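Student: In the UniProt record's numbering, the protein residues as written are 1 to 753. A virtual CB, placed ideally from N, CA and C, is assigned to each residue, including glycine. Source: prediction; values computed, not measured. Below is one structure. I have some questions about it.
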């Protein structure tokens, strides 16, 4: 493309740059793994929670983390801070033989109608370039324009000065043979009657600058213009701003932002601000944020702030488009800066008689791979320590929905199928707060109330390759939280899926590519939302269920690999909501399945929801019942399964009927042991008659431990008792290998997810 023909010159003096990583805390000791700066404990949180409301809430979102085609482990841990240091070539600014140096405020336009000999030295636009008029005229005294010898080869804008560009076309391009160095302000002018600032595409050989490029709206409600920069090298420490202007108090909406696109066939370094936000309005709808796309063939390095948030406004039912931010390189993406694509938060008018919907959060994608640039460096990298926020916006006033959380995707791809690789093995180390929460509602009644936003999606993927020995590091996380939102009508928890896979299921593989072992040492929260009982609420309260957890290794090549193990240590909760005189719901389930050995420690809380209300005399509304505890399956296909944990999967309590206890199944080929404390007791009901009717305790659940070689052991304390009631619940059972050790093992079937 054209950029490949642009002349540029760089020295080969390397500059080492170290970016500040997030996190801190105590060290875990031991050697520091590849790709990490330290083993210190981090403080980051991964969150896709449902929004809260007074009446209706939002469901929790989903988090998916997976790795393919390598036997190097997938680590998801609280300990670890990624190494975000990098080296860049020390490039030299080359302005060419006829540069323009802007040292005083200057305006350039295409209007040459008044040019004469006295206009010599004036800069003007002509055929998508800037020229310097030399005073030449023809035989009728008309200016001679576009002389090749007067082309501006490069541009330098000094600090404290403004270069204003006055265009007449909607979209405009500017080409330079050499570089642009901008330490002042480059501003595209707009007129008051324009709906948007005019667009600018910039084509220098390289761009350097601590200054700003301003295409933001300049008059109330005006949209920002689109900014594109195409260069071999882009180093920005200033501000690129394409935001929409704010509206007014007279019914004018906020302006929409223009887009930002920066593209390089060498590298991009941004230590400044990229801003494409929607304008606010106190009397009408908010403006939308716009897309920000960044592509650097050999690398993208960002320490700055990237923001494409929607504005605030009295949105009514107006749909506001979410923005997309995409950062991509064939070789290396290192981000330590904050990236936000937050949905519009609605506001009320002065009289509090109108409000509106919150809009959905945008999508943010960081990606390395998909091209051959990664073969130019020994270890391509996908590193993130920055915070990424795509939360949905809040609604305002009754009857309006809040925005759903957006999507965060962080990916790296070494190969098509593990064998057919197109880059060297990529090092992946991810940390930083990742937030895709649903927006909240502000309604205080349950008449026509809107819904809070659902949590969004967070996906981290690594399609590795056979040759890779690099662990995939998802580190510094204290928790992953997909809880449902809290409200009078509470919502369900979301799902968490963590897995590795070989290419056995691909069907087109060129060579065998293995799966990876999994190490998880962090907390996972999948609870249903809490039930809110305050406010002007008349509807029946309703709880919801906990979310589901899947951690597994998927391969049809198990006989070709060893040590496809899973190590888990953390606190997991997926409880159903408790309620007072309303609908309750069950807990979630967990399925953890290794090919070889599996070791599980920590705490698991999968309790069914309880209804704690005491029925009034004569009350017969079908409530006051507890719900079933969750199901937890821990399995090893060809190895041992060891559990040493505190596990509760008890039935919920209810004055009329208790919920049944849950099910714990530990299965393996080569035995193992179950230690700790296991509680699958049935939920309790009243021990006295309720309205002259009997009450029923929940049945106890089951602990089921079986191995192929009949060498499994149970050393745990356990509770399988039925719940209390005028009719007590049946006891659960403990089944080991082929024996029922205690209780009634045939009462309930084992729930296998």
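Are the beta-carbon atoms belonging to residue 153 and residue 96 less than 7 Å from one another?
Tutor: Cβ distance < 7 Å, so residue 153 and residue 96 count as in contact.
Student: Which whole-angstrom value describes the C-beta separation of residue 212 and residue 234, a residue pair presumed to lie in contact below a C-beta threshold of 8 Å?
Tutor: So it is not a contact: roughly 15 Å between Cβ atoms.
Student: Just to confirm my understanding: we take residue 511, look at its own chain, exclude 5 residues before and 5 after, and list those with CB closer than 6 Å. What are they?
Tutor: Excluding positions up to five away in sequence, the list reads 419.
Student: With a Cβ-Cβ cutoff of 7 Å, do residue 209 and residue 238 count as a contact?
Tutor: Contact: yes.
Student: Using beta-carbon positions only, say whether residue 558 and residue 72 come within less than 7 Å of one another.
Tutor: Not closer than 7 Å, so no.
Student: Does the stretch 430–440 touch the stretch 43–55, meaning 3 or more C-beta pairs lie closer than 8 Å?
Tutor: They touch, by the three-pair rule.
Student: Three or more beta-carbon pairs under 8 Å between the stretch 403–420 and the stretch 351–360, yes or no?
Tutor: Taking 8 Å as the limit for Cβ pairs, the verdict is that the stretch 351–360 does touch the stretch 403–420.
Student: Could you please give the first and the last residue of the uninterrupted beta strand (DSSP E) stretch that includes residue 735?
Tutor: Residue 735 -> beta strand (DSSP E) spans 733–736.
Student: Name the DSSP beta bridge partners of residue 411, please?
Tutor: Per DSSP, 367 and 461.
Student: Taking DSSP as the reference, what is the three-state secondary structure of residue 490?
Tutor: Coil.
Student: Let's test the definition: count the other Cβ atoms within 10 Å of the Cβ of residue 24 and tell me whether it reaches 16, buried, or not, exposed.
Tutor: No answer about residue 24 holds up, because its pLDDT of 37 lies below 50 and its placement is not dependable.
Student: Given this structure, state the Cα-to-Cα distance separating residue 632 from residue 601, to the nearest angstrom.
Tutor: So the alpha carbons of these two residues sit roughly 13 Å apart.
Student: Can you tell me whether residue 144 is buried or exposed? The criterion is at least 16 other CB atoms within 10 Å of its CB, across all chains shown.
Tutor: By the 10 Å Cβ count, residue 144 comes out exposed.
Student: Straight-line CA distance for residue 741 to residue 668?
Tutor: Rounded to whole angstroms, residue 741 to residue 668 spans 19 Å at the Cα level.
Student: To the nearest angstrom, how far is it from the Cα of residue 733 to the Cα of residue 343?
Tutor: Approximately 50 Å, taken between the alpha carbons.
Student: Return the Cβ separation of residue 566 and residue 496 in integer angstroms, given the expectation that the two are a contact with Cβ distance under 8 Å.
Tutor: Residue 566 to residue 496, Cβ: 14 Å. No contact.
Student: Taking DSSP as the reference, what is the three-state secondary structure of residue 155?
Tutor: If DSSP states are grouped into helix, strand and coil, residue 155 belongs with the strands.
Student: Rounded to the nearest angstrom, what separates residue 94 and residue 184 at their Cα positions?
Tutor: For residue 94 and residue 184, the distance between alpha carbons rounds to 18 Å.
Student: What is the rounded straight-line gap between the Cα of residue 524 and the Cα of residue 411?
Tutor: So the two alpha carbons sit approximately 21 Å from each other.
Student: Within the same chain, show all residues whose beta-carbon is closer than 6 Å to that of residue 119, passing over the 5 residues directly before and after it, in chain order.
Tutor: Taken in chain order, the residues that qualify are 133.
Student: Between residue 493 and residue 576, what straight-line distance do the alpha-carbon atoms span, to the nearest angstrom?
Tutor: Approximately 9 Å between the Cα atoms of the pair.
Student: Of all the beta strand (DSSP E) runs that stay within the bounds of the stretch 664–720, which reach a length of 3 or more residues?
Tutor: 672–679, 702–707, 712–714 and 717–719, all fully within the stretch 664–720.
Student: So residue 289 and residue 341 are supposed to be a Cβ contact under 8 Å. How far apart are they, rounded?
Tutor: Between residue 341 and residue 289 the Cβ distance is about 6 Å, and since that is below 8 Å, they are a contact.
Student: Note the first and the last residue of the continuous beta strand (DSSP E) segment covering residue 63.
Tutor: 62–68 is the span of the beta strand (DSSP E), which, as asked, contains residue 63.
Student: Classify residue 741 as helix, strand or coil using the three-state DSSP reduction.
Tutor: The answer is strand: DSSP assigns residue 741 an E or B state.
Student: Quick check on residue 558: does DSSP put it in helix, strand or coil?
Tutor: Residue 558 falls in the helix class under three-state DSSP.
Student: Below 6 Å CB to CB, which residues in the same chain sit around residue 819 once its five sequence neighbours on both sides are set aside?
Tutor: Beyond the ends of the chain as shown, which are 1 and 753, falls residue 819; an answer cannot be given.
Student: If I measure Cβ to Cβ from residue 324 and keep anything under 7 Å in the same chain, skipping five residues before and after, which residues do I get?
Tutor: Once the five neighbours on either side are set aside, the close Cβ partners of residue 324 are 291, 362 and 363.
Student: Tell me, to the nearest whole angstrom, how far the beta carbon of residue 607 is from that of residue 649; I am working on the premise that it is less than 8 Å.
Tutor: Indeed they touch by this definition, with Cβ atoms about 7 Å apart.
Student: At which residues does the beta strand (DSSP E) containing residue 234 begin and terminate?
Tutor: 227–236 is the extent of the beta strand (DSSP E) around residue 234.
Student: Please look up how many angstroms separate the CB atoms of residue 543 and residue 585, rounded, as I've assumed it's under 8 Å.
Tutor: Going by Cβ atoms, the distance from residue 543 to residue 585 rounds to 5 Å, so yes, they are a contact pair.
Student: Can you list, in chain order, the residues of its chain with a C-beta nearer than 6 Å to that of residue 754? Leave out the 5 residues immediately preceding and following it.
Tutor: Nothing can be reported for residue 754, as the shown portion of the chain is limited to 1 through 753.
Student: Helix, strand or coil for residue 198, going by three-state DSSP, please let me know.
Tutor: Correct three-state label for residue 198: coil.
Student: Could you tell me the distance, in whole angstroms, from the CA atom of residue 593 to the CA atom of residue 739?
Tutor: Approximately 24 Å between the Cα atoms of the pair.
Student: Express the C-alpha separation of residue 413 and residue 301 in angstroms, rounding to a whole number.
Tutor: Those two C-alpha atoms are separated by around 18 Å.
Student: Going by the CB atoms, is the gap between residue 651 and residue 639 shorter than 7 Å?
Tutor: No, the Cβ-Cβ distance between residue 639 and residue 651 is not below 7 Å.
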